[in-house]
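A short worksheet on the structure shown next.
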């Protein structure tokens with residue numbers, strides 16, 4: 570982030586980061602493996618499973634601010650998407666849907682992205698930007 574902040578100096582720039590993780594994490598790691606939608610041993614079957622770790626968004630915000638960038642968030646993906654109008658967008662897509670399957674896809678998709686028991690809480694959003702830019706939309710307290 571120091572390199573990003575240095576390159577952004579003198580320019581109006583921003584970056585939106587969306588991933589799963591925590592606002593702050595305790596010591597330790599979140600390294601894990603997933604195979605066929607289930608947790609797996611990260612050291613077993615190299616190349617046959619996805620290796621991943623949860624993002625520490627609080628640490629990203631700290632590093633960004635230390636590098637003279639503004640950090641909005643992190644906030645939960647569900648809150649961000651609601652503030653950005655996902656409900657209104659879903660309503661419009663539902664009105665334009667021609668089949669029951671299309672309506673179901675829109676309804677289930679919006680729920681999956683925003684619900685606390687789906688992706689709405691675990692996934693976080695943070696915006697890093699030049700301090701000269703206005704605060705971004707989607708990060709108001711809910």
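Residue numbers (our numbering): 570 to 711.
Just so it is clear, CB atoms sit at the ideal spot from N, CA and C, and this is done for glycine as well.
Please read all numbers here as calculations on a predicted model, not as lab measurements.
CB of residue 644 within 8 angstroms of CB of residue 694, strictly: In the chain shown, residue 644 corresponds to position 75, counting from 1. In the chain shown, residue 694 corresponds to position 125, counting from 1. Contact flag set, yes.
Quick check on residue 676: does DSSP put it in helix, strand or coil? By one-based count along the chain shown, residue 676 stands at place 107. Helix, per DSSP.
Please list the terminal residues of the continuous beta strand (DSSP E) segment that includes residue 619. Sequence index remark: in the chain shown, residue 619 carries index 50 (1-based). Counting along the chain, the beta strand (DSSP E) containing residue 619 begins and ends at 619-621.
Work out the CA separation of residue 688 and residue 600 for me, nearest whole Å. Working through the chain shown from its first residue, we reach residue 600 at position 31. Working through the chain shown from its first residue, we reach residue 688 at position 119. Cα to Cα, residue 600 sits roughly 19 angstroms from residue 688.
Do residue 650 and residue 621 count as a contact pair if the criterion is CB distance below 8 angstroms? To locate residue 621, count along the chain shown from 1; it is residue 52. To locate residue 650, count along the chain shown from 1; it is residue 81. Going by C-beta atoms, residue 621 is not nearer than 8 angstroms to residue 650.
Find the nearest neighbour of residue 652 within the set 580, 667, 697 and 705, judged by alpha-carbon distance. Taking the chain shown and counting its residues from 1, one reaches residue 652 at position 83. Among 580, 667, 697 and 705, the Cα nearest to that of residue 652 is on 705.
Residue 571 to residue 635, Cα distance in whole Å? As a first step, residue 571 must be located in the chain shown, where it is residue number 2. As a first step, residue 635 must be located in the chain shown, where it is residue number 66. So the two alpha carbons sit approximately 8 angstroms from each other.
Would you give the residue range spanned by the beta strand (DSSP E) that residue 692 belongs to? Numbered from its first residue, the chain shown carries residue 692 at position 123. Note, residue 692: beta strand (DSSP E), 692-698.
Buried or exposed: residue 698, going by 16 or more other Cβ atoms within 10 Å of its Cβ? Indexing the chain shown from 1 puts residue 698 at position 129. Looking at its Cβ environment, which holds 16 or more other Cβ atoms inside 10 Å, residue 698 is buried.
Taking all protein chains shown into account, do 16 or more other C-beta atoms lie within 10 angstroms of the C-beta of residue 657, making it buried, or fewer, making it exposed? Position 88 of the chain shown holds residue 657. Exposed, by the Cβ-count rule.
Which same chain residues end up closer than 6 angstroms to residue 580 when comparing Cβ atoms and leaving out the 5 residues on each side of it in sequence? Residue mapping note: residue 580 aligns to position 11 of the chain shown, counting from 1. Nothing meets the Cβ criterion.
Per DSSP, residue 604 is paired with what? Taking the first residue of the chain shown as 1, we reach residue 604 at position 35. Answer by DSSP bridge pairing, in chain order: 607.
Can the beta-carbon of residue 670 be found less than 8 angstroms from the beta-carbon of residue 663? For the purposes of this step, residue 670 is taken as the residue at position 101 of the chain shown. For the purposes of this step, residue 663 is taken as the residue at position 94 of the chain shown. No, these two residues do not count as a Cβ contact at 8 angstroms.
Would residue 602 and residue 610 qualify as a contact pair, given that the criterion is a beta-carbon distance under 8 angstroms? In the chain shown, counting from the first residue as 1, residue 602 sits at position 33. In the chain shown, counting from the first residue as 1, residue 610 sits at position 41. Yes, they are a contact pair.
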